[in-house]
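Report on one structure; see the data block that follows.
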Amino acid sequence: MLEVSPRKAQGIASVIGYFSNLIQLFPMGDRAINLEIAITGYKIIDTVLTYETFPKQWAEIQYNLGLSYYNRLHAERAKNLEAAIECYFNALKVYTRSSFPQEWVDTQNNLSAAYRKRIRGRKAENLEAAICCLQAALEVRTREIFPHEWAYLQTNLGTVYSFRIHGEKAENLEVAIRCLESALEVRTREALPQQWAETKNNLGIAYYQRILGERAENLEVAIRYYEAALEVRTCSELPIERAQTQLNLANAYSERIRGKKADNLEEAIIFYKAALMIRTINAFSEEYAIIENNLGCVYCDRIHGKKSDNVEAAISCFQAALKVRTLEKFPLEWAETKNNLGTAYDERILEKRTNNLELAIRCYKDVLKIYARSDLPFDWGKTQHNLGNVYSERIVGENRKNLKTAIRHYKAALQVFTRFAFPQNYLLTKFSLGRAYQEGQNFQDSYTAFTDAFDIIEFWRGEIISGSGTEGDKQKLAEEWNELYQRMVAVCLELENYTQTIEYVERSKTRNLVELILTRDRHTIFPAEVVAQLDRLRDEIASGQYELQNATAQDPTALAQHLQQLRQQRNELQDRYLPIGSGFQFEPFRATLSHRSAIVEFYITTDRLFVFIITNQTQQPIVLPLDFINPNKLANWANSYLKAYSNKKSHWQRRLTTRLHLLAKILHVDEIIEQIPTECDQLILIPHRYLHLLPLHALPLTEDSSLFDRFPGGVSYAPSCQLQQLAQTRQRPEFTHLFAVQNPTGDLSYTDLEVETIQSYFNTSNLLKQKIATKEAIDNTSLSNVHCAHFSCHAYFNESESRKSALILANAELNSAPTQSDPENYLSLKKGGVLDLNKCLTLDGIFTLNLEQCRLVTLSACETGLIDFQNTSDEYIGLPSGFLYAGASNVVSSLWTVNDISTAFLMIKFYQNLQDFQTSPTIALALNKAQIWLRDATKKELHGWINELPDPVSRRELLNWIRPIKAETKPFESPHYWAAFCAIGQ
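For the sequence shown, the working numbering puts the final residue at 1001, and the numbers step up evenly by one.
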């Protein structure tokens, strides 16, 4: 250029500049080389079109050169960004706000982007600089005059606020959401589809990180925004942008709360792998490294596949990311992946455990050389927490010293992870700290740390809006933190605080059902003026929570604090009258117990079975020794029992008596009963998890005795103390109005005589017989005045989705499956055939019934008492829970596939007993007496009883059935015939 005339040099420079602009944006060829060519071109013409001679052209060169450096793939990323920032500042020497407002705004926006990505300097300060640039640009580009440019800048500002470090994180994210949602008012899908998709994508990022509002709902909102963006960001039109949104969507699925965790993680893996198809290491090395890093995190958490294989896959992903994320080029990103690699080594199964933990410690210590608390407090705190985890498990060195080091790291993390700034991390760290104290036998400090963790869980429960259709989120929350309940129970026992032990056991059990019933029955539980106050607080909380969740609050932080105060007022008011739920108190509950009643409550943890005995005579619950029952023996017995029931019913039936004798020995039932005062003649059993499936009431005692003999006042069940307490508030003295569903499928031989005989014991009855017993008929029947609801039909318990468990009604079974799969509405049965769930009375449907006067619901069908015992939320989920919620005081249900004829005998005798209130004042006692009678009745005794039945048709059919039996035979002596049914409730 020096060898030609200035005029010719200027002409050549113009051509090179034009070419550099084109090659910078050229979509074909090698992008990295294209950018190098552009940078070379801009540098050449910078020597001709100088600041002094051609300031405007020089500023344009600086602007484009900055853009090329920002996108550059060769050389060190940190240097490239510094070069970009320098170029943009050079451009601003000419592009002033007054002389070149358009160019000034564009440069401020690009400078903001460079600061946001900047590696050198303090991250927090770089983000502040980015915000200043955008805010300055927005002073020029107002919505009224430049709506599209304004929306573009609002989108970028919202994105920066999503990652801001200064200020409260929660408030920054609310600002981000407001910016992005305001941008969408201009960036509509119809007018600006690509820009609309960009803003939707960024809103997803903000909601993914959001602190205020319910976490589960925030993640669902994020997923909806990402999915909307993908509708525009197609593979053919916008592959690069699509890959970015797929990455974000994968992030959201990896942390999703709703749905099945295992399925969500598989979705995340699918989206990460899809993004990798575009974001390859050669074309997009930085983005490739991000995806590999995140994919490794998901493999660490993966449920499907072998754990050892998943962890090795995670390590491979992290190592792949570290090929790009080197310490020299990307120190912060290197530290992030190193941190994750440390976690993978901590979880590694292959190789020696000792070496893996040492590798993890090395990784974390390397990371802390980059993460300074002053610059990156969150990342520093997370690494401190991770170091605490590894030291708490470390094998090398003395255990006491390792735990002391772990505690030091957890406390360091809590300097950053405060309750209000980072509640999720605060909870995790408090839990880990409590666990370390527990392992070190420092139970008082462990108790304090666990208490702090519980405060956050209760706060989160309060944020889930009751009646919003998201109560399942509470169940997921309980599942996730079930170990905390277990550990707190163990710590309270070590501190010999038995009252608090049982209170935490109860806080763990049936919380959703308790809260739902409490709300439903509030008019009968609380005085009218208290109900009015509770309703006002409920409505104000729901309204505020709606504002918070939908980001419409003017001051979200202040509103969140106000809502917490309202929840506290509500809980305190409620607890003054009936302390249950989070406020459950043992002493008020104990005081309500009759001196004749005793409760035996079980609680299963990962390695123990706790047994508590509660009576009115003792001030604290009696706790049996921790080594009293061998949990492994019990689990093995239960597995064998359930396996035999599922696969070999005839074998299971033959050996049932033997199995129950063995179970009695494993549970040490005789020793448990010895602890109960002799004046107690009523027993309430509160099982836990799989114990709900077992006929504990049928367990034998020594010397051919039984629980029925020891407790002549009755043996009943309750899902929890709190539900028992609620059931006592339901006084249902009337028992004259029967509603019954009778043999809707028409294939139960003795069901018709059962129901029609039972009908004779009621003054008023409404029977839906056979084909008339449809879902529509039940929907059209008012049940609010019914005193007894009797369902004599088939039932189905859905092990995978309890809410689809159902009582099978007329016309519900289809001959063939629908042409298209529709699991929400149709269910394939194991025995063959398909159920139309819309024509069944499902658990969801039961929850909508109104049984406010109902004293008893009898489920005279197979497996109606089964519950989802595999979920770790400790919720009581099954058909009985639905009827308890609907208003029934008592539910009688079955634990296995029952025999039709023995059930008919049992049910008729049960209802006969209920007619004599003097001898059978409770549902449980009437059922127990019927069971004893059926167990012990000989043919002769059955013959005499049949002849006294009021219905001649029933008499004839039953006499025909017993005719072939030998005179002194007890045809129903086996527990298979009489022990399936149990009474739940009062």
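Even glycine gets a Cβ: it sits at the ideal position worked out from N, Cα and C.
For Cys803, the three-state DSSP class (helix, strand or coil): Looking up residue 803 in the sequence shown gives position 788. Three-state DSSP puts Cys803 in a strand.
Skipping 5 residues on each side, what residues in its chain have a beta carbon closer than 8 Å to that of Ile472? For the purposes of this step, residue 472 is identified with residue 457 of the sequence shown, where counting begins at 1. If we look at Ile472 and ignore the five residues flanking it on each side, its Cβ neighbours are Leu442, Leu492, Trp496, Leu499.
Whole angstroms is fine: what's the gap from Tyr765's alpha carbon to Thr772's? Against the sequence shown, residue 765 aligns to sequence position 750. Against the sequence shown, residue 772 aligns to sequence position 757. So the alpha carbons of these two residues sit roughly 11 Å apart.
Identity of the residues DSSP links to Tyr811 by a beta bridge: Within the sequence shown, numbered from 1, the residue matching residue 811 stands at position 796. Answer is Ala821, bridged to Tyr811.
Using alpha carbons as the reference points, say which of Val339, Ala74, Glu143 lies closest to Tyr10. No statement about residue 10 is possible, as the shown extent of the chain runs from 16 to 1001 and does not include it.
For Gly729, which beta-bridge partners are listed by DSSP? Working through the sequence shown from its first residue, we reach residue 729 at position 714. Answer is Gln697.
Could you check how far apart the C-beta atoms of Ala821 and Thr857 are, in whole angstroms? I think they sit under 8 Å. If you number the sequence shown from 1, residue 821 lands on position 806. If you number the sequence shown from 1, residue 857 lands on position 842. Going by Cβ atoms, the distance from Ala821 to Thr857 rounds to 4 Å, so yes, they are a contact pair.
Contacting residues, own chain, Cβ-Cβ under 6 Å from Gln169 (five flanking each side not counted): Sequence index remark: in the sequence shown, residue 169 carries index 154 (1-based). Cys194, Ser197, Ala198.
Distance between Asn354 and Asn440 (C-alpha atoms, nearest Å): On the sequence shown, residue 440 is found 425 positions in, with the first residue counted as 1. On the sequence shown, residue 354 is found 339 positions in, with the first residue counted as 1. About 16 Å.
Using DSSP bridges, identify the partner residues of Leu874. Indexing the sequence shown from 1 puts residue 874 at position 859. Per DSSP, Phe806.
Please report the Cβ distance between Ser909 and Phe996, rounded to the nearest whole angstrom; I am assuming they are in contact, meaning their Cβ atoms lie under 8 Å. Looking up residue 909 in the sequence shown gives position 894. Looking up residue 996 in the sequence shown gives position 981. Indeed, because the Cβ distance is near 5 Å, the residues count as touching under 8 Å.
Validate contact between the stretch 248-266 and the stretch 286-295 using beta carbons, cut 8 Å, 3 pairs: yes
Could you tell me the alpha carbon to alpha carbon distance between Glu351 and Pro42, rounded to whole angstroms? Here residue 351 corresponds to residue number 336 of the sequence shown, with the count starting at 1. Here residue 42 corresponds to residue number 27 of the sequence shown, with the count starting at 1. The straight-line gap from Cα to Cα measures roughly 31 Å.
Pull the bridge partners of Ile100 from the DSSP assignment, please. Sequence index remark: in the sequence shown, residue 100 carries index 85 (1-based). In the DSSP output, where bridge partners are listed per residue, Ile100 has none listed.
Express the C-alpha separation of Gln737 and Arg605 in angstroms, rounding to a whole number. If you number the sequence shown from 1, residue 605 lands on position 590. If you number the sequence shown from 1, residue 737 lands on position 722. About 11 Å.
Using a Cβ-Cβ cutoff of less than 6 Å, which residues in the same chain neighbour Arg870 once the five nearest sequence positions on both sides are dropped? Working through the sequence shown from its first residue, we reach residue 870 at position 855. Taken in chain order, the residues that qualify are Arg747, Phe750, His802, Ser904.
Taking only the alpha-carbon atoms, compute the straight-line gap between Gly484 and Arg502 and give it to the nearest angstrom. By 1-based counting over the sequence shown, the position of residue 484 is 469. By 1-based counting over the sequence shown, the position of residue 502 is 487. Residue placement at Gly484 is flagged as unreliable, the pLDDT there being 48, under the threshold of 50; the coordinate-derived value follows with that caveat. Those two C-alpha atoms are separated by around 30 Å.
Which residues bound the beta strand (DSSP E) around Glu498? Locating residue 498 in the sequence shown gives position 483, counting from the first residue. Counting along the chain, Glu498 falls outside any beta strand (DSSP E), though it belongs to the alpha helix (DSSP H) covering 497-509.
Measuring alpha carbon to alpha carbon, tell me which residue in Arg409, Asn401, Arg670, Gly396 is nearest Thr433. Looking up residue 433 in the sequence shown gives position 418. Nearest C-alpha to Thr433: Gly396.
Helix, strand or coil: which one does DSSP assign to His991? Looking up residue 991 in the sequence shown gives position 976. His991: helix per DSSP, three-state reduction.
With a cut-off of 8 Å on the beta carbons, I'd call Ser875 and Glu769 a contact; round off their distance for me. Indexing the sequence shown from 1 puts residue 875 at position 860. Indexing the sequence shown from 1 puts residue 769 at position 754. About 7 Å; that satisfies the 8 Å criterion.
For Tyr88, I'd like the list of residues in its chain whose CB is within less than 8 Å of its CB, leaving aside the five on either flank, ordered along the chain. For the purposes of this step, residue 88 is taken as residue 73 along the sequence shown, with counting starting at 1. According to the sequence shown, residue 88 is Leu rather than Tyr. For Leu88, where only same-chain residues beyond five positions count, the Cβ hits under 8 Å are Arg46, Ala47, Leu50, Ser300.
Beta-carbon separation (whole angstroms), Phe437 vs Lys184, contact threshold 8 Å: Residue 437 sits at position 422 when you count from the first residue of the sequence shown. Residue 184 sits at position 169 when you count from the first residue of the sequence shown. Yes, they are in contact, since the Cβ atoms of Phe437 and Lys184 sit about 7 Å apart, within 8 Å.
So, with DSSP's three-state summary, where would you put Pro715? Taking the first residue of the sequence shown as 1, we reach residue 715 at position 700. It is a strand residue.
Identified DSSP bridge partners for Leu782: Along the sequence shown, one-based indexing puts residue 782 at 767. Leu782 pairs with Ala755.
Whether or not the stretch 881-898 and the stretch 962-978 are in contact is what I'm after, with contact meaning three or more pairs of Cβ atoms, one per stretch, closer than 8 Å; do they touch? no
Glu956 burial status per 10 Å Cβ neighbour count (16 or more: buried): Within the sequence shown, the letter at position 941 stands for residue 956. By the neighbour-count rule (16 or more Cβ atoms within 10 Å), Glu956 is not buried but exposed.
Span of the beta strand (DSSP E) around Ile272: As a first step, residue 272 is located in the sequence shown; it is residue number 257 there, counting from the start. No beta strand (DSSP E) contains Ile272, which DSSP labels as neither H nor E.
Here's the rule: buried if 16 or more other CB atoms are within 10 angstroms of the residue's CB, otherwise exposed. What is Glu413? Taking the sequence shown and counting its residues from 1, the one referred to as residue 413 is at position 398. Exposed: under 16 other Cβ atoms inside 10 Å.
Please go through the same chain and pick out, in chain order, the residues whose beta-carbon is closer than 8 Å to the beta-carbon of Arg535, but skip the five residues on each side of it. On the sequence shown, position 520 is the one that residue 535 refers to. So the qualifying residues of the chain are Tyr900, Gly902.
Count the other CB atoms, across all protein chains shown, that sit within 10 Å of the CB of Cys695; report buried if there are 16 or more and exposed otherwise. By one-based count along the sequence shown, residue 695 stands at place 680. That one is buried.
CA-to-CA distance, Lys524 to Ala212, given in whole angstroms: Walking along the sequence shown from the start, residue 212 turns up at place 197. Walking along the sequence shown from the start, residue 524 turns up at place 509. Going from the Cα of Ala212 to the Cα of Lys524 covers about 44 Å.
Can you name, in chain order, every residue of its own chain whose Cβ lies under 6 Å from the Cβ of Asn105, other than the five neighbours on each side? Along the sequence shown, read from residue 1 onward, the residue named residue 105 stands at position 90. The answer, listed in chain order, is Gln77.
Verify whether the separation of the beta carbon atoms of Thr693 and Ile540 is less than 8 Å. By 1-based counting over the sequence shown, the position of residue 693 is 678. By 1-based counting over the sequence shown, the position of residue 540 is 525. No, Cβ-Cβ distance for Thr693 and Ile540 is not below 8 Å.
Distance between beta carbons of His712 and Val730, contact taken as under 8 Å: Taking the sequence shown and counting its residues from 1, one reaches residue 730 at position 715. Taking the sequence shown and counting its residues from 1, one reaches residue 712 at position 697. At roughly 4 Å, the Cβ-Cβ gap stays under 8 Å, so Val730 and His712 are in contact.
In the structure shown, what three-state DSSP assignment does Ala250 receive? Residue 250 sits at position 235 when you count from the first residue of the sequence shown. Reading off the sequence shown, one finds Cys at residue 250, where the question assumed Ala. Of the three classes helix, strand and coil, the one that applies to Cys250 here is coil, per DSSP.
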